[in-house]
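Colleague:
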Amino acid sequence: MENLYHFLGIIFFIFLTIKLLTQRKQNLPPSPFTLPIVGHLHLIKNPLYQSLETLSSKYGPVLFLRFGCRRVLVISSPSAVEECFNKNDIIFANRPRTMAGDLLTYNYVAFVWAPYGPLWRNLRRLSVVEIFSSKSVQRFSSIREEEVANFIRHLFKVSAANGTQKVDLKYLSCLLTTNVMLRVVAGRRGVDDATDMEAEEKVFLREFKNIFFPNLATNICDFFPILRRVGFKGIEKNMRELHRRREEYIRNLVDEIRLRKTSSSADVPEIEEEGKNPSLIEKLLSIQEEDPDFCSNKVIKSMALMMFVAGTETTAVTMEWAMSLLLNHPEALQKVRAEIVSHVGHERLLNESDLAKLPYLRCVVSETLRLYPPAPVLLPHCSSEDCMVGGYEIPKGTQLLVNAWAIHRDPSIWEEPTKFKPERFEGAFVEKEGLKYLPFGLGRRACPGATMGMRLVLLALGAAVQCFEWEKEGPEKVDMSPGTGTVMSRARPLEALCCPRPDLIKLLSQF
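Dropping the structure here:
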């Protein structure tokens, strides 16, 4: 064994010597001391955004790291963000190749992970026109309003019988966002007209979360490819099984809608009904009939996949964080309610047309996204050629990580950055300030679903505050500890005390 250690030591020495002798001196950004093979991975702990912030505070807002065989550029300042997404926007428009990308994105057909180029532009255009355009977002407003009414009905059912009652807001938020997304994508809810609705919904949501909530952007095999070859810890095997389950779920949805579409067109001439909102899959199947080469089955399934993966958990956790903050700041909660009552009253439930008249509610959600962005480290980008950032040379193929969490809490950018102050978003938000506020990303790869997600959070949060009194479980403040996953969710699900407001019981009884 001792000889083995000596042998490995000689190999490391030779490796380092060759590297030092052959490597061209580059003006790379500041970097901690790197270990052979592992690079800087030994410095990274969960959660990732805090580890990166700790390193950036020591070495600067433009930081160069090595994760195994991969070069990584970490930025945490508005000036560096501007250089990457304005000056070098095309260079950083790509995504790095990963095991998850290889196995879970239909060979990079999903527009979130597709390489920058003609395919990505076509997929982006298709998604913006059919899903995220102003017209499309408005077209689905009735779905959001109906599901928020169901959300309120759930809350009333739990709290009406026993007065003030503890409710699991994580579960109800996930159920709401999942049902909205299913109706937008496939035209149906998770559970309809079940004998035991509540039990069926819990089973449905548990299965849906097991399939679509795992976030698998990168793993250890991406940094050490040899581990993938030897089947390290069964990571690839498990990922292939996850893809099989996702594929089966989405294929069944598509086949069901295709069969229904074929049957209806055989019975009657295809006439678009006035007021009918076809689901995303229905629209894509119609486009497929006109252009089967582009709108293939893989494109349709990848669109549905990205909606489920990117649009459900992130929206639900934002709702949960926002309510947590309001519970800890009852004066803000009362201000939100007063604003809603003054514009909406007690005779009807808040709807989407009211949102434009509720600026403070929007400030609360914006401040929530600043303090607890769903993606604290934005999805990685990858440089397609050499470039300069902050006066440093960045080699081609370098992975870019933007630490939005660190930028959102930088005391040199924000006044009292760790405090909940919705008022900081009052008034016009200057366009250039977007460089310091990044909950939805920036540039060509920014989240196209920001408007849709914001509307759902505003509507659901506003309706919950309008209709119910909310209290913490005890005298202590709600624990705001985040979890350790890629999506910034709470470490513990939010449970709060909920009681119908007396002047709205008549309205709530109608749901």
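Note that the sequence shown ends on residue 1146 in our numbering; no numbers are left out.
Cβ atoms here follow ideal geometry from the backbone N, Cα and C, with glycine treated the same way.
This one's a predicted model, so the numbers in the text were calculated from it and none came from an experiment.
1. With DSSP collapsed to three states, give me the class of Gly1088.
2. Rounded to whole angstroms, what's the CA-CA distance from Met832 to Val764? Just pull it up for me.
3. What residue range does the alpha helix (DSSP H) around Glu1028 cover?
4. Secondary structure at Tyr982, three-state DSSP: helix, strand or coil?
5. Per DSSP, what are the beta-bridge partners of Lys1148 in this structure?
6. Straight-line CA distance for Ser777 to Ser769?
7. Do the CB positions of His878 and Leu1073 come within less than 7 Å of each other?
8. Quick one: what's got a C-beta closer than 7 Å to His964's C-beta in the same chain, skipping five residues either side?
9. Could you check if Asp1183 is buried or exposed, using at least 16 other CB atoms within 10 Å of its CB as the buried criterion?
10. Looking only at C-alpha atoms, which of Leu1129, Arg1079, Trp1105 sits nearest to Lys722?
11. Hey, quick one: how far does the beta strand (DSSP E) through Glu1020 stretch, first residue to last?
12. Output the boundary residues of the alpha helix (DSSP H) element that contains Leu840.
13. Just confirm the distance between the C-beta atoms of Thr949 and Val1122, as a whole number of angstroms; I'd bet it's less than 8 Å.
14. Expressed to the nearest angstrom, what Euclidean distance is found between the alpha-carbon atoms of Leu655 and Leu676?
15. Using only alpha-carbon positions, find the residue among Gly695, Pro1008, Ile916 that is nearest to Met816.
16. Output the distance between the C-alpha atoms of Cys704 and Ile672, rounded to the nearest integer angstrom.
17. So what does Glu681 bridge to, in DSSP terms?
18. So, at 7 Å on beta carbons, what are the nonlocal neighbours of Asn662 in its own chain, with the 5 sequence-adjacent residues on each side left out?
19. Run through DSSP, which three-state label would Leu726 get?
20. Would the beta-carbon of Pro1008 fall within 7 Å of that of Gln1034?
21. Only counting the same chain, and skipping five residues up and downstream in sequence, which positions put a Cβ closer than 6 Å to that of Arg972?
22. Would you list the residues sitting across from Gly674 in a DSSP beta bridge?
23. Please tell me whether Leu1013 and Gly1076 are closer than 7 Å, where the distance is taken between their beta carbons.
24. Since Glu836 contacts Leu810 with CB under 8 Å, what's their CB separation in whole angstroms?
25. Output the distance between the C-alpha atoms of Glu1002 and Leu960, rounded to the nearest integer angstrom.
26. Does the distance from the C-beta atom of Pro713 to that of Leu1070 stay below 7 Å?
27. Counting pairs of beta carbons, one from the stretch 738-757 and one from the stretch 1030-1045, are three or more of them closer than 8 Å?
28. Count the other CB atoms, across all protein chains shown, that sit within 10 Å of the CB of Gly695; report buried if there are 16 or more and exposed otherwise.
29. Residues in its own chain within less than 6 Å of Val772 by CB, not counting five upstream and five downstream?
30. Hey, could you find the ends of the beta strand (DSSP E) Val580 is sitting in?
31. Pick helix, strand or coil for Gln661, following the three-state DSSP scheme.
32. Can you tell me whether Asn873 is helix, strand or coil according to DSSP?
33. Does DSSP put Phe858 in a helix, in a strand, or in coil?
34. With a Cβ-Cβ cutoff of 7 Å, do Leu962 and Ala1098 count as a contact?
35. At which residues does the beta strand (DSSP E) containing Val744 begin and terminate?
36. CB-CB under 7 Å to Glu1104, same chain, minus the five flanking residues each way: which ones, in chain order?
Modeller: For this structure:
1. One-based indexing of the sequence shown puts residue 1088 at position 453. Reduced to three states, the DSSP call for Gly1088 is helix.
2. On the sequence shown, position 197 is the one that residue 832 refers to. On the sequence shown, position 129 is the one that residue 764 refers to. In a straight line, the C-alpha of Met832 is about 35 Å away from that of Val764.
3. Residue numbering aside, residue 1028 sits at position 393 when the sequence shown is read from its first letter. That residue, Glu1028, is in no alpha helix (DSSP H); its beta strand (DSSP E) goes 1027-1029.
4. On the sequence shown, position 347 is the one that residue 982 refers to. The amino acid at residue 982 is misidentified as Tyr; the sequence shows Glu. Correct three-state label for Glu982: coil.
5. Only positions 636 to 1146 of the chain appear in the structure, and residue 1148 is not among them; the question remains open.
6. Here the question's residue 777 lines up with position 142 in the sequence shown. Here the question's residue 769 lines up with position 134 in the sequence shown. So the alpha carbons of these two residues sit roughly 14 Å apart.
7. Residue numbering aside, residue 878 sits at position 243 when the sequence shown is read from its first letter. Residue numbering aside, residue 1073 sits at position 438 when the sequence shown is read from its first letter. No, the Cβ-Cβ distance between His878 and Leu1073 is not below 7 Å.
8. The count along the sequence shown starts at 1 and reaches residue 964 at position 329. Within the same chain, His964 has close Cβ partners Phe1055.
9. Residue 1183 is absent from the model: the chain starts at 636 and stops at 1146.
10. Here residue 722 refers to the residue found at position 87 of the sequence shown. The candidate whose alpha carbon is nearest that of Lys722 is Arg1079.
11. Along the sequence shown, one-based indexing puts residue 1020 at 385. No beta strand (DSSP E) holds Glu1020; DSSP gives it neither H nor E.
12. On the sequence shown, position 205 is the one that residue 840 refers to. Looking at the DSSP string, the run of the alpha helix (DSSP H) that includes Leu840 is 832-847.
13. Here the question's residue 949 lines up with position 314 in the sequence shown. Here the question's residue 1122 lines up with position 487 in the sequence shown. So it is a contact: roughly 6 Å between Cβ atoms.
14. Within the sequence shown, residue 655 is the residue found at index 20, counting from 1. Within the sequence shown, residue 676 is the residue found at index 41, counting from 1. In this predicted model, Leu655 has a pLDDT of only 48, less than 50, meaning its place in the structure is not dependable; the value taken from the coordinates is given anyway. Taking the straight line joining both Cα atoms gives about 21 Å.
15. As a position in the sequence shown, residue 816 is number 181, starting the count at 1. For Met816, the nearest C-alpha among the options comes from Ile916.
16. For the purposes of this step, residue 704 is taken as the residue at position 69 of the sequence shown. For the purposes of this step, residue 672 is taken as the residue at position 37 of the sequence shown. Rounded to whole angstroms, Cys704 to Ile672 spans 7 Å at the Cα level.
17. Here residue 681 is taken as the residue at index 46 of the sequence shown, counted from 1. Residue identity differs from the one stated: residue 681 is Asn in this sequence, not Glu. According to DSSP, Asn681 bridges with nothing at all.
18. Here residue 662 corresponds to residue number 27 of the sequence shown, with the count starting at 1. Here the set comprises Tyr1027, Glu1028.
19. Here residue 726 is taken as the residue at index 91 of the sequence shown, counted from 1. In the sequence as presented, Leu is not what sits at residue 726; that position holds Ile. Residue state, collapsed to three classes: coil.
20. As a first step, residue 1008 must be located in the sequence shown, where it is residue number 373. As a first step, residue 1034 must be located in the sequence shown, where it is residue number 399. Not in contact: Pro1008 and Gln1034 (Cβ atoms no closer than 7 Å).
21. Within the sequence shown, numbered from 1, the residue matching residue 972 stands at position 337. Correct list, in chain order: Val1100.
22. One-based indexing of the sequence shown puts residue 674 at position 39. According to DSSP, Gly674 bridges with Leu670, Phe702.
23. The count along the sequence shown starts at 1 and reaches residue 1013 at position 378. The count along the sequence shown starts at 1 and reaches residue 1076 at position 441. Their beta carbons are under 7 Å apart, which means Leu1013 touches Gly1076 by this criterion.
24. Counting from one through the sequence shown, the residue named residue 836 turns up at place 201. Counting from one through the sequence shown, the residue named residue 810 turns up at place 175. About 6 Å separates the two Cβ atoms, so the contact holds.
25. As a working note, residue 1002 is residue 367 in the sequence shown. As a working note, residue 960 is residue 325 in the sequence shown. Distance between the alpha carbons of Glu1002 and Leu960 is about 10 Å.
26. Locating residue 713 in the sequence shown gives position 78, counting from the first residue. Locating residue 1070 in the sequence shown gives position 435, counting from the first residue. Yes; because the gap between Cβ atoms is below 7 Å, this pair is in contact.
27. no
28. Here residue 695 is taken as the residue at index 60 of the sequence shown, counted from 1. The residue is buried, with at least 16 neighbouring Cβ atoms inside 10 Å.
29. For the purposes of this step, residue 772 is identified with residue 137 of the sequence shown, where counting begins at 1. So the list reads Thr1086, Met1087, once near-sequence residues are dropped.
30. As displayed, the chain neither begins before 636 nor continues past 1146, which places residue 580 out of reach and without an answer.
31. Counting from 1 along the sequence shown, the entry for residue 661 is found at position 26. Note: Gln661 maps to coil in three-state DSSP.
32. Residue 873 sits at position 238 when you count from the first residue of the sequence shown. Asn873: helix per DSSP, three-state reduction.
33. Here residue 858 is taken as the residue at index 223 of the sequence shown, counted from 1. Helix at Phe858.
34. For the purposes of this step, residue 962 is taken as the residue at position 327 of the sequence shown. For the purposes of this step, residue 1098 is taken as the residue at position 463 of the sequence shown. No, Cβ-Cβ distance for Leu962 and Ala1098 is not below 7 Å.
35. Locating residue 744 in the sequence shown gives position 109, counting from the first residue. First-last for Val744: undefined, no H or E at that position.
36. Residue mapping note: residue 1104 aligns to position 469 of the sequence shown, counting from 1. Excluding positions up to five away in sequence, the list reads Cys1134, Arg1136.
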